[in-house]
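**Q** Our numbering numbers the first residue of the sequence shown as 1 and each following residue consecutively.
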Amino acid sequence: MYGYGEYIPLTPEEILKRVSQKDIFEFILKKEVILDKGAYYLAPYRREDTSPGCWLETLEGDIYLVDWGDSVRNKNWINLLKVTYNLSFKEALELVNNHFKLGLGDNINSIKEVLTENDEVVEERKFVRTA
Numbered sequence: 001m002y003g004y005g006e007y008i009p010l011t012p013e014e015i016l017k018r019v020s021q022k023d024i025f026e027f028i029l030k031k032e033v034i035l036d037k038g039a040y041y042l043a044p045y046r047r048e049d050t051s052p053g054c055w056l057e058t059l060e061g062d063i064y065l066v067d068w069g070d071s072v073r074n075k076n077w078i079n080l081l082k083v084t085y086n087l088s089f090k091e092a093l094e095l096v097n098n099h100f101k102l103g104l105g106d107n108i109n110s111i112k113e114v115l116t117e118n119d120e121v122v123e124e125r126k127f128v129r130t131a
C-alpha cells in the first residue's frame, strides 16, 4: 500500500497558521524580539550605529520591520527575507517552510540554502526531496 499525505499549498497564509511572525523575524534577524509597552524592539539591524534605529511595528495584524537607515523603510517577513538573502518570493517561502519543517507545498522543492558567516551570505542551490 502507498500512503499519501494531505497536500497543503505553500502560501504565506498557510505558513502563518503554523508559525508566528515573531518567530520568523527572530529566525531572519538572529535576535530576540522583545515586546515592550505595545511595541516590538530589537538591537540595531545591519548597521554600525549604537542607538536602535529600527524596530518592529504591527499594522492590521502584520508585523513590519521599520528601519530608517534603509531606502525601503517598512518590510514584512517575506520582503525582509527577499532583501536580506536575495531570494525570490517562492524561495523565501521555501526557506521558512524548510527551516521550521512545516512540510507544505510540493514533494520536491528547489530551494536556495542560505548560509551566513561574518555577515557574508554564501548561497548554494540544490534540490531536496521532502516527505
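Note that beta-carbon positions come from the ideal geometry of N, C-alpha and C, so glycine has one too.
Fair warning: this is a prediction, and the values are worked out from it, not measured in the lab.
Based on the DSSP output, what are the partners of residue 74 in its beta bridges?
**A** 66
**Q** Check for me: the alpha helix (DSSP H) holding residue 56 runs from which residue to which?
**A** First-last for residue 56: 54-59, but that is the beta strand (DSSP E), not the alpha helix (DSSP H).
**Q** Using only alpha-carbon positions, find the residue among 105, 104, 106 and 100 that is nearest to residue 19.
**A** It is 100 whose Cα lies nearest to the Cα of residue 19.
**Q** Considering only residues of the same chain and omitting the five flanking positions on each side of residue 102, which have a CB-CB separation below 6 Å?
**A** 18
**Q** So who's on the other strand from residue 35, going by DSSP bridges?
**A** 40
**Q** When burial is assigned at 16 or more other CB atoms within 10 Å of the CB, is residue 77 buried or exposed?
**A** With 16 or more Cβ atoms within 10 Å of its Cβ, residue 77 is classed as buried.
**Q** Is it right to say residue 89 is buried, meaning 16 or more other beta carbons lie within 10 angstroms of its own, or is it exposed?
**A** exposed
**Q** So, under 8 Å CB-CB, residue 54 and residue 67 are touching, yes? Tell me the CB distance rounded to an integer number of Å.
**A** Indeed they touch by this definition, with Cβ atoms about 4 Å apart.
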